[in-house]
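Accompanying notes for the structure given below.
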Ligand SMILES: [Zn+2]
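Okay, structure coming up:
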């Protein structure tokens, strides 16, 4: 959380710096010109007109991923290969995001929805776009074909894990491992699974930041949702959940998001890595939720109006929340 990110060159500068910091350039004998060119292509493939899913979000997720990789529980088991894949996956995880969600692509018969058979449409596209740029840049042309193929498929596993509609499956698996205490980070499969969980955390960690920062991200993502809703209204496509500026508020959306997705995920992450960073993130999360509840009270006069949309999205991750019978 050290870097202050500006629009412009943040993704290139930050990722290049992290490659250097982790000794990846030396270890993998990377050509720095090719690396820079690859990162510039990645940055340019993000849509700067998207309020939220742009290169600054990618840089922010890459930065958060770096912080999680440094957590003692994980850092001592990580290989340079793991760090390399994690940083590339974080930097590319939303590549060429169109600023609308999967239901929108499906209902407008977008070619990507057809191509990926309506399943993790965006995530598959981000991954395949990343593979395209990796090949085009020739950054790893000096590696064996076998290693390059392994890299492409493992980056895919990481990016596909960021599909929020699959969170239930990942979280149940994480919880079971933690309950049984059987995670062995010497095992590459277990390590890879933890990297998937780390990237999921990095992707949705905005509510775990200080209020001022968190609030700005919340406004950006809502702006993108509402923009989609406006298009859906204009073309009579039926407004998607969370996208109607007439009926939704940032506070409602954020409280639902935190309750059903962020709190369960970070609760388990803190069980895995119970450090000052995890506790600080949970602290901010609690404070931010209380702040949004304050905003909600001011706006509606009722406090406990939790948006059920996220619950419908992922209904089995709610053991912490009281439910109406
Ligand atoms: Zn993202």
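Numbering (full-length UniProt numbering), first residue to last: 1 to 325. Every residue gets a Cβ at the ideal spot worked out from N, C-alpha and C, and that includes glycine.
1. What is the DSSP secondary structure of residue 95, reduced to helix, strand or coil?
2. Are there any heavy atoms of ligand 1 lying less than 8 Å away from the beta-carbon of residue 61, as far as the coordinates show?
3. Looking at C-alpha atoms only, which residue of 264, 131, 73, 46 is the closest neighbour of residue 98?
4. So is residue 179 buried or exposed if we call it buried at 16+ other beta carbons inside 10 Å?
5. By a C-beta neighbour count over all protein chains shown, 10 Å radius and 16 as the cutoff for buried, is residue 184 buried or exposed?
6. Can you list the alpha helix (DSSP H) stretches of 4 or more residues lying completely in the segment 110 to 172, in chain order?
7. Could you tell me the boundaries of the alpha helix (DSSP H) in which residue 235 lies?
8. Just the Cα atoms here: how many angstroms apart are residue 18 and residue 263?
9. Run through the segment 175 to 251 for me and flag every whole alpha helix (DSSP H) of 4 or more residues, listed as ranges in chain order.
10. How is residue 264 classed by DSSP in three states: helix, strand or coil?
11. Does the beta-carbon of residue 162, which I'm using as the reference point, lie nearer than 8 Å to any heavy atom of ligand 1?
12. What is the DSSP secondary structure of residue 51, reduced to helix, strand or coil?
13. Classify residue 33 as buried or exposed, calling it buried when 16 or more other Cβ atoms lie within 10 Å of its own Cβ.
14. Going by DSSP, what residue range makes up the alpha helix (DSSP H) through residue 102?
15. Assuming residue 281 and residue 257 form a contact by the criterion Cβ under 8 Å, report the distance between their Cβ atoms to the nearest whole angstrom.
In this structure, then:
1. Correct three-state label for residue 95: coil.
2. Residue 61 has its CB nearer than 8 Å to a heavy atom of ligand 1.
3. The option with the nearest alpha carbon to residue 98 is 46.
4. Residue 179 should be labelled exposed.
5. Label assigned to residue 184: exposed.
6. 111 to 115, 121 to 137, 145 to 160, all fully within the segment 110 to 172.
7. It is not in any alpha helix (DSSP H) - residue 235 carries neither H nor E in the DSSP assignment.
8. Spanning the two alpha carbons is a distance of roughly 28 Å.
9. For the segment 175 to 251, the full-length alpha helix (DSSP H) segments reaching 4 residues or more read 188 to 203, 211 to 234 along the chain.
10. If DSSP states are grouped into helix, strand and coil, residue 264 belongs with the helices.
11. In terms of side-chain proximity, the C-beta atom of residue 162 is found nearer than 8 Å to a non-hydrogen atom of ligand 1.
12. In the structure shown, residue 51 adopts coil according to DSSP, grouped into three states.
13. Burial call: exposed.
14. Membership of residue 102 in the alpha helix (DSSP H) is indicated by the continuous run 102 to 107.
15. Contact between residue 281 and residue 257 does not hold, since their C-beta atoms are separated by about 15 Å, which reaches or exceeds 8 Å.
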